[in-house]
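Numbering (the numbering used here), first residue to last: 3 to 81. Let me begin by presenting the structure, written as structure tokens, before commenting on it.
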């Protein structure tokens with residue numbers, strides 16, 4: 003469908019309006035990061051899980067995006 007949908011509204015609330023509780027649960031990056039961290043991998047379950055972060059879900063979104071964008075660190079093994 004065309005037009006402004008739920009993802010766009012949530013993203014604009016987060017970035018444009020500074021809403022600390024905006025959480026675009028259908029964002030593919032959030033879903034991927036959540037799954038990599040052992041969390042929910044689908045939008046409905048992620049939104050339900052994110053309920054525990056209210057009223058600061060936008061900060062959780064920023065954390066998940068940062069996690070996804072940060073290259074993994076290499077663990078050095080002692081010799």
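For each residue, glycine too, the CB sits at the ideal point set by N, CA and C.
Anyone know if the C-beta pair for residue i and residue j falls short of 9 angstroms?
i, j, result
"residue 29", "residue 71", "no"
Using a Cβ-Cβ cut-off of 7 angstroms (strictly less than) and excluding sequence neighbours within five positions of residue i, which residues of its own chain qualify?
i, result
"residue 21", "15 and 60"
"residue 43", "33, 36 and 37"
Near residue i, which residues of its chain fall below 6 angstroms by C-beta distance, leaving aside the five closest residues on each side in sequence?
i, result
"residue 35", "66, 69 and 70"
Just verifying my parser: in three-state terms, what is the DSSP assignment at residue i?
i, result
"residue 21", "coil"
"residue 67", "helix"
"residue 39", "coil"
"residue 52", "helix"
"residue 59", "helix"
Between the C-alpha atoms of residue i and residue j, what's the straight-line distance to the nearest angstrom?
i, j, result
"residue 19", "residue 58", "14 angstroms"
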